[in-house]
Amino acid sequence: MIRFVEFEEQYIPQMALLLAARHRDERQRFPFLQERFEEVEEAEKRLREEMSKPYMGGLVTLRDEDVIGYLLFEYRQDPTRGRMIYVGYPSFVIHEDEHPRLARLMYTEAGAEWIRNGYFEHVLDVPVGNDELILEMLEQSFHFEQRFSALSLERYRAQPGENSLVTMKELQSDEQSILRTMASWNSMHQAKAPAWKPITTEALEQERNTFESYEGKEGTRSWVAEQDGVPVAFHLYTPADARHAMTTPDQAAVLIQAATNIELRGQGIGKSIANHSFTQMKKAGYEYIMTDWYTANHLASYFWPKLGFRCYMIRMARTVDARISWADGQ
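Dropping the structure here:
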């Protein structure tokens, strides 16, 4: 007989055993993941960091007094989603010997509380290696939204088909503000079929704020591809912070943003700037490039894996019809 209880600190050591075991399994498929989290002590530290965030809650599943699963969640106010629940990469784990259906039962139990409190947007970051958990969530009406991937620069080989008409320029710190003028390129592309992502004032402001936050930041590097002296593409990188992330390798950089002028796509410009910037980042001592893209963005979903990026985590989302707050048959 199993029972669900609210998270308490006394359960963390057993939860850490589950997380460390899952991480060992994940590293069989993705060796670049941080090895130290295979150790129970490090897994426990990561869980304590997670629970120290404000507005956190948690559900623990017990069989007798043994922890067989847990679900940690954060109440958030997002600029585009509004009130939402976020479940991070280390936050949803069940014992490897348990039936995957336990994931549904835990979501059902915790989700009832979320809905009562008016949180209808549910977002999970799920390990790609955990096929059974992914399937359970798909059957609970979640959908794929975003893929997070890594590229080994050691294995990368320059892609053929470059555009010989473009030249590359690395921006200096005081030049990076020019990227804000190109902030809308990705949004404009993703507003088209089949992504159909609305270009809202809030979304554009968030894009501009992202660029502004990296201007002059130590370690940040950016390149633009120019044609006849006019920028036609850009890449923006920053060093990855591997101190607390289970999914970030050492010596990794994050490709924060990359875009090509939508009127010039399909001409090899994206390959040209990728070949150039990846080569420069490798010369700078980086071993991995990390990036992400929306799954409905069909160009990105084709382009980045073709360059060698391997997906290790997928973001899944579900929007519950808010009418359930009153149209529940009572």
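Numbering (the working numbering), first residue to last: 34 to 363.
In this text, a Cβ means the ideal position worked out from N, Cα and C, and glycines have one as well.
Would you give the residue range spanned by the alpha helix (DSSP H) that residue i belongs to?
{"i": "Val-73", "result": "73–84"}
{"i": "Tyr-108", "result": "Per DSSP, Tyr-108 belongs to no alpha helix (DSSP H); it is in the beta strand (DSSP E), 99–111."}
{"i": "Arg-57", "result": "45–62"}
{"i": "Phe-244", "result": "234–247"}
{"i": "Tyr-335", "result": "331–340"}
{"i": "Met-221", "result": "217–223"}
Start and end of the beta strand (DSSP E) containing residue i?
{"i": "Tyr-119", "result": "115–120"}
{"i": "Phe-37", "result": "35–39"}
{"i": "Ala-228", "result": "Counting along the chain, Ala-228 falls outside any beta strand (DSSP E), and DSSP gives it neither H nor E."}
{"i": "Ala-350", "result": "343–352"}
{"i": "Ile-127", "result": "125–127"}
{"i": "Val-93", "result": "89–96"}
{"i": "Thr-200", "result": "200–203"}
Alpha carbon to alpha carbon, how far is residue i from residue j?
{"i": "Arg-62", "j": "Lys-78", "result": "23 angstroms"}
{"i": "Ile-211", "j": "Phe-244", "result": "9 angstroms"}
{"i": "Arg-96", "j": "Ile-35", "result": "5 angstroms"}
{"i": "Phe-125", "j": "Glu-320", "result": "29 angstroms"}
{"i": "Phe-336", "j": "Tyr-247", "result": "25 angstroms"}
{"i": "Phe-267", "j": "His-176", "result": "30 angstroms"}
{"i": "Asp-298", "j": "Glu-154", "result": "Here residue 298 is Arg; the residue named in the question, Asp, does not match the sequence. The straight-line gap from Cα to Cα measures roughly 34 angstroms."}
{"i": "Leu-52", "j": "Tyr-103", "result": "10 angstroms"}
{"i": "Ser-130", "j": "Gly-252", "result": "Sequence check: residue 130 is Asp here, not Ser. Their Cα atoms are separated by approximately 44 angstroms."}
{"i": "Arg-241", "j": "Arg-116", "result": "22 angstroms"}
{"i": "Arg-134", "j": "Ala-191", "result": "44 angstroms"}
{"i": "Leu-138", "j": "Pro-46", "result": "23 angstroms"}
{"i": "Glu-142", "j": "Glu-169", "result": "15 angstroms"}
{"i": "Tyr-270", "j": "Gly-262", "result": "22 angstroms"}
{"i": "Glu-42", "j": "Gly-144", "result": "21 angstroms"}
{"i": "Thr-37", "j": "Gly-91", "result": "Checking the sequence shown, residue 37 turns out to be Phe, not Thr. Rounded to the nearest angstrom, the two C-alpha atoms are 10 angstroms apart."}
{"i": "Val-377", "j": "Gly-151", "result": "Since the first residue of the chain shown is 34 and the last is 363, residue 377 is not available in this structure."}
{"i": "Asp-164", "j": "Tyr-108", "result": "26 angstroms"}
{"i": "Glu-146", "j": "Ala-54", "result": "29 angstroms"}
{"i": "Met-48", "j": "Gly-303", "result": "44 angstroms"}
{"i": "Ala-224", "j": "Glu-68", "result": "39 angstroms"}
{"i": "Arg-356", "j": "Gly-362", "result": "11 angstroms"}
{"i": "Leu-340", "j": "Ile-306", "result": "12 angstroms"}
{"i": "Leu-66", "j": "Phe-311", "result": "20 angstroms"}
{"i": "Ile-118", "j": "Ala-360", "result": "22 angstroms"}
{"i": "His-331", "j": "Glu-74", "result": "41 angstroms"}
{"i": "Lys-86", "j": "Glu-296", "result": "43 angstroms"}
{"i": "Tyr-44", "j": "Glu-98", "result": "10 angstroms"}
{"i": "Ser-358", "j": "Pro-193", "result": "55 angstroms"}
{"i": "Arg-351", "j": "Arg-114", "result": "11 angstroms"}
{"i": "Ala-333", "j": "Arg-213", "result": "21 angstroms"}
{"i": "His-132", "j": "Phe-342", "result": "32 angstroms"}
{"i": "Pro-272", "j": "Leu-237", "result": "24 angstroms"}
{"i": "Pro-264", "j": "Leu-288", "result": "18 angstroms"}
{"i": "Pro-338", "j": "Cys-344", "result": "8 angstroms"}
Flag this pair as yes or no: are the beta carbons of residue i and residue j separated by less than 8 angstroms?
{"i": "Asp-158", "j": "Met-346", "result": "yes"}
{"i": "Asn-294", "j": "Glu-195", "result": "no"}
{"i": "Val-156", "j": "Val-120", "result": "yes"}
{"i": "Ala-285", "j": "Ala-275", "result": "yes"}
{"i": "Gln-17", "j": "Tyr-140", "result": "The chain is shown from 34 up to 363; residue 17 falls before or after that span and cannot be answered."}
{"i": "Ile-127", "j": "Ile-101", "result": "yes"}
{"i": "Phe-70", "j": "His-56", "result": "yes"}
{"i": "Gln-110", "j": "Leu-198", "result": "no"}
{"i": "Ala-228", "j": "Tyr-327", "result": "yes"}
{"i": "Pro-112", "j": "Gln-239", "result": "yes"}
{"i": "Glu-59", "j": "Gly-162", "result": "yes"}
{"i": "Ser-182", "j": "Asp-283", "result": "no"}
{"i": "Leu-105", "j": "Met-84", "result": "yes"}
{"i": "Ala-136", "j": "Leu-171", "result": "no"}
{"i": "Met-215", "j": "Ala-329", "result": "no"}
{"i": "Gly-249", "j": "Gln-209", "result": "yes"}
{"i": "Tyr-122", "j": "Pro-160", "result": "yes"}
Report yes or no: do the region 199–218 and the region 250–270 share at least 3 C-beta pairs separated by less than 8 angstroms?
-> yes
Just list the alpha helix (DSSP H) runs in the region 253–326, keeping only unbroken ones of 4 residues or longer that don't cross its boundaries, in chain order.
-> You should have 302–316.
Are the region 214–222 and the region 230–241 in contact at 8 angstroms, needing three or more beta carbon pairs?
-> yes
Is the region 185–195 close to the region 300–315, with three or more CB pairs under 8 angstroms?
-> yes
Would the region 70–88 and the region 274–289 be scored as touching if the rule is three or more Cβ pairs under 8 angstroms?
-> yes
Can you list, in chain order, the stretches of the alpha helix (DSSP H) that have 4 or more residues and sit fully within the region 150–181?
-> Here the runs fully enclosed are 164–171.
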